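**Q** Before I ask anything, here is the structure I am working with.
The structure is reproduced here in C-alpha cells:
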C-alpha cells in the first residue's frame, strides 16, 4: 500500500523519533552523528532556537518518516539541512515532498539561494538534489562534509 505522506511543521515531541532514524541512517553510511556541531539543527528539531529555523517532518499517519530543516544564513541565503527519510520509505516521493516544502518556505521568506552540504556516499540524496537543480560547488565545505551544493531560487517553486 502506498503511504499517505503529509508534510507539517516539526514539533518538539518529534525530536527523539526523528533523530533516532536520522542518526541510524548516518551510522549506516559510516558517518558518526555530531549533535553539538554539524548536526545541531537536527538535534534541536522542532525546538525554539535563537535563530528561527523552518523545521518540517513527513508523516504517514502517526509515523514520522522524514525531516528537513531550512536554516537562515543571511536574508538572501538559507541552508537546507537535516534531510533524512526512513530507509523503508525511501524511493516513494517522501524526499521530493520534503525538499519541495523547504524550497517553497525559502521563497516565501525571500531567499535567493539555498545551500547544502552532503557526503559523497549519500548518492540517492545527491541525485535528488541535482534533479531540483542544485549545482555542486568547487570549494569543499568546512564542516567535514564532502560536497557543497547551491541552488539559485526562482520566484515560484
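In the numbering used here, the protein residues as written are 112 to 268. A virtual CB, placed ideally from N, CA and C, is assigned to each residue, including glycine. Every value quoted in this text rests on a predicted model; they were computed, and no experiment measured them.
(1) Taking DSSP's pairing of strands, which residues face residue 165 in a bridge?
(2) Apply the 10 Å Cβ neighbour rule to residue 150 and answer buried if 16 or more other Cβ atoms are within range, or exposed otherwise.
(3) Start and end of the beta strand (DSSP E) containing residue 122?
(4) Tell me the rounded alpha-carbon separation between residue 234 and residue 116.
(5) Below 6 Å CB to CB, which residues in the same chain sit around residue 180 once its five sequence neighbours on both sides are set aside?
(6) DSSP on residue 194, reduced to helix/strand/coil?
(7) Rounded to a whole number of angstroms, what is the C-alpha to C-alpha distance between residue 268 and residue 219?
(8) Identify every residue that forms a DSSP beta bridge with residue 171.
(9) Establish whether the CB of residue 189 and some CB of chain C are separated by less than 9 Å.
(10) First and last residue of the beta strand (DSSP E) that includes residue 225?
(11) Between which two residues does the beta strand (DSSP E) containing residue 209 stretch?
(12) Can you check DSSP and say which residues form a bridge with residue 189?
(13) Can you say whether residue 186 is buried or exposed, counting buried as having 16 or more other CB atoms within 10 angstroms of its CB?
(14) Which residues mark the beginning and the end of the alpha helix (DSSP H) in which residue 238 is found?
**A** Considering the structure as presented:
(1) Position 54 of the chain shown, counting from 1, holds the residue named residue 165. Answer is 181.
(2) As a working mapping, residue 150 is identified with position 39 in the chain shown. It counts as buried.
(3) Numbered from its first residue, the chain shown carries residue 122 at position 11. Per DSSP, residue 122 belongs to no beta strand (DSSP E) and is neither H nor E.
(4) Locating residue 234 in the chain shown gives position 123, where the first residue counts as 1. Locating residue 116 in the chain shown gives position 5, where the first residue counts as 1. Approximately 23 Å, taken between the alpha carbons.
(5) Walking along the chain shown from the start, residue 180 turns up at place 69. So the qualifying residues of the chain are 152, 164, 166, 192, 193.
(6) Taking the first residue of the chain shown as position 1, residue 194 is located at position 83. Secondary structure of residue 194 (DSSP, three-state): strand.
(7) On the chain shown, residue 268 is found 157 positions in, with the first residue counted as 1. On the chain shown, residue 219 is found 108 positions in, with the first residue counted as 1. For residue 268, the predicted model reports a pLDDT of 45, less than 50, meaning its position is unreliable; a value from the coordinates is still stated below. A straight-line Cα-Cα distance of about 10 Å links residue 268 and residue 219.
(8) Within the chain shown, the letter at position 60 stands for residue 171. DSSP output for residue 171 lists 116, 174 as bridge partner(s).
(9) Absent here is chain C; the protein component of the structure consists of one chain.
(10) Here the question's residue 225 lines up with position 114 in the chain shown. Residues 224 to 229.
(11) To locate residue 209, count along the chain shown from 1; it is residue 98. Counting along the chain, residue 209 falls outside any beta strand (DSSP E), though it belongs to the alpha helix (DSSP H) covering 205 to 219.
(12) In the chain shown, the residue the question calls residue 189 occupies position 78. When beta bridges are read from the DSSP output, residue 189 appears opposite 183, 225.
(13) Looking up residue 186 in the chain shown gives position 75. Its Cβ having fewer than 16 others within 10 Å, residue 186 is exposed.
(14) The residue labelled residue 238 in the question sits at position 127 within the chain shown. Taken as a continuous stretch (DSSP letters only), the alpha helix (DSSP H) holding residue 238 covers 234 to 242.
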